[in-house]
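In the working numbering, the protein residues as written are 52 to 168.
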């Protein structure tokens with residue numbers, strides 16, 4: 052029979068509580084108001100088709116259109132990107148976590164020069 056240390060027991064309890072709490076957040080129904088609607092203008096949007104557009108519309112928390120602004124509610128925000136580039140859905144999977152294991156006892160932040168963005 053294995054025993055858990057106090058620290059391991061607390062970690063397990065907090066992890067379980069986080070999972071239970073997140074289920075309520077993830078299953079909540081989307082709001083009917085338009086507070087989350089956003090139009091991003093004056094940007095360079097590169098989508099999966101390789102098309103570069105200048106307008107991106109977000110409606111109810113999801114990308115609704117790339118290329119032309121859609122009519123949104125009165126609470127929608129318009130954000131001017133001033134020519135910046137946006138790649139919707141791009142996830143940077145570039146990591147260097149293995150080097151930290153080569154030098155046990157050293158922090159990844161000191162080895163890799165990792166800083167918060």
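Cβ atoms here follow ideal geometry from the backbone N, Cα and C, with glycine treated the same way. Remember, it's a predicted structure, so these values are computed and weren't measured experimentally.
The residues 95, in chain order, have a CB closer than 6 Å to that of residue 136 in the same chain once the five nearest residues on each side in sequence are set aside. In the structure shown, residue 140 falls within a coil segment according to DSSP collapsed to helix, strand and coil.
By the Cβ neighbour-count rule, residue 107 is buried, with 16 or more other Cβ atoms within 10 Å of its own. By the neighbour-count definition (other C-beta atoms within 10 Å, threshold 16), residue 65 is an exposed residue. Under the DSSP definition of a beta bridge, residue 116 partners with 108. With 16 or more neighbouring CB atoms inside 10 Å of its own CB, residue 109 falls in the buried class. In this structure, residue 92 and residue 132 form a Cβ contact; the two beta carbons are roughly 7 Å apart against a cut-off of 8 Å. When C-alpha distances from residue 140 are compared across 99, 123, 126, the shortest belongs to 99.
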